[in-house]
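**Q** Residue 1 is where the sequence shown starts when you use full-length UniProt numbering, and the numbers rise one by one after that. Virtual Cβ for every residue (Gly too), placed ideally from N, Cα, C. Structure incoming, see below.
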Amino acid sequence: MMDHQETNLIQHKIHPKHPLKQVYKNSKFDCKACKCKGRGFRYRCEKCDFNIHPICGTGHESISTFTHPQHTVQLVQQSIFSDHKCDLCCKTVRGTVYRCKGCHFYLHPICSQVPEFLYGHVMHPPHPIRLRLMESKKCDVCNKSCKNWRYNCEICDVHIHVGCLTVKQKTGGDDDDGGFGDFFDELMVDFAVGALTGGISV
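Next up, the structure:
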């Protein structure tokens, strides 16, 4: 991935024909790199209607992450027929993904951006909440089971689905993905806007 002189333009190997420009649109898109949904900021080729998440456009080839502290994870291209699942959101990984080959650990690039700690969040302002993988408990917001990763306050024994932290609350239906699902893109916009305006510390 080579940067152009203009900071909001990049050249990306999966779309070599044209540079991609960083833009903000309040609409959903399908990321052509990781195959996940997105909304808000993206790198885009207007001519080709081609969009990728900012992290998919400028992410590092290898990263360290609190979700897999044992080893660094490498950016690889996964088959669209893959049946592996992201260890954070439990959704199938297709396209660009971070992987620890030895541990069979997979992480969507967009999932690698979820912060470990949130401070002063509107859902639990008194204490920091931490993203953790824990035994099953009920979410204190929606009262449904938290089976995978969730934000937790150890002091108050509060458990909150990632999806329940978003401003827009999910309505109806059972959810077995810990609340990530359709609301993950909104959560990332909340994090980005909150971090820029000082509303959320990451």
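Go ahead and pull the three-state DSSP assignment for Cys-111.
**A** In this structure, Cys-111 counts as helix in the three-state DSSP scheme.
**Q** Check the C-beta distance from Gly-59 over to Pro-109 and give it rounded, since I have them as a contact under 8 Å.
**A** Yes, they are in contact, since the Cβ atoms of Gly-59 and Pro-109 sit about 5 Å apart, within 8 Å.
**Q** Just the Cα atoms here: how many angstroms apart are His-161 and Cys-111?
**A** In a straight line, the C-alpha of His-161 is about 14 Å away from that of Cys-111.
**Q** Quick one: give me the first and last residue of the beta strand (DSSP E) that Ile-129 is part of.
**A** Counting along the chain, the beta strand (DSSP E) containing Ile-129 begins and ends at 129-133.
**Q** Taking DSSP as the reference, what is the three-state secondary structure of Gly-163?
**A** Here Gly-163 sits in helix by DSSP.
**Q** Check whether the segment 42-59 and the segment 9-23 touch, using three or more Cβ-Cβ pairs below 8 Å as the test.
**A** Yes: at least three Cβ pairs fall under 8 Å.
**Q** From the DSSP output, in three-state form, read off Cys-45 for me.
**A** The answer is strand: DSSP assigns Cys-45 an E or B state.
**Q** What does the Cβ neighbour count give for Phe-81, buried or exposed, with the cut at 16 atoms within 10 Å?
**A** So Phe-81 counts as exposed.
**Q** In chain order, which beta strand (DSSP E) runs of at least 3 residues are fully inside the segment 44-95?
**A** As far as the segment 44-95 is concerned, its whole beta strand (DSSP E) runs of at least 3 residues are 50-52 and 73-78.
**Q** If we count the other Cβ atoms within 10 Å of its Cβ and call it buried at 16 or more, is Ile-129 buried or exposed?
**A** By the neighbour-count rule (16 or more Cβ atoms within 10 Å), Ile-129 is buried.
**Q** With three or more beta-carbon pairs closer than 8 Å as the criterion, would you say the segment 57-71 touches the segment 89-108?
**A** Segments in contact, yes.
**Q** If you draw a straight line from the C-alpha of Asp-87 to the C-alpha of His-15, how long is it?
**A** Using only the alpha carbons, I get a separation of about 28 Å.
**Q** Leaving out five residues before and five after Leu-133 in sequence, what residues of the same chain have Cβ atoms less than 7 Å from its Cβ?
**A** Taken in chain order, the residues that qualify are Asn-148 and Trp-149.
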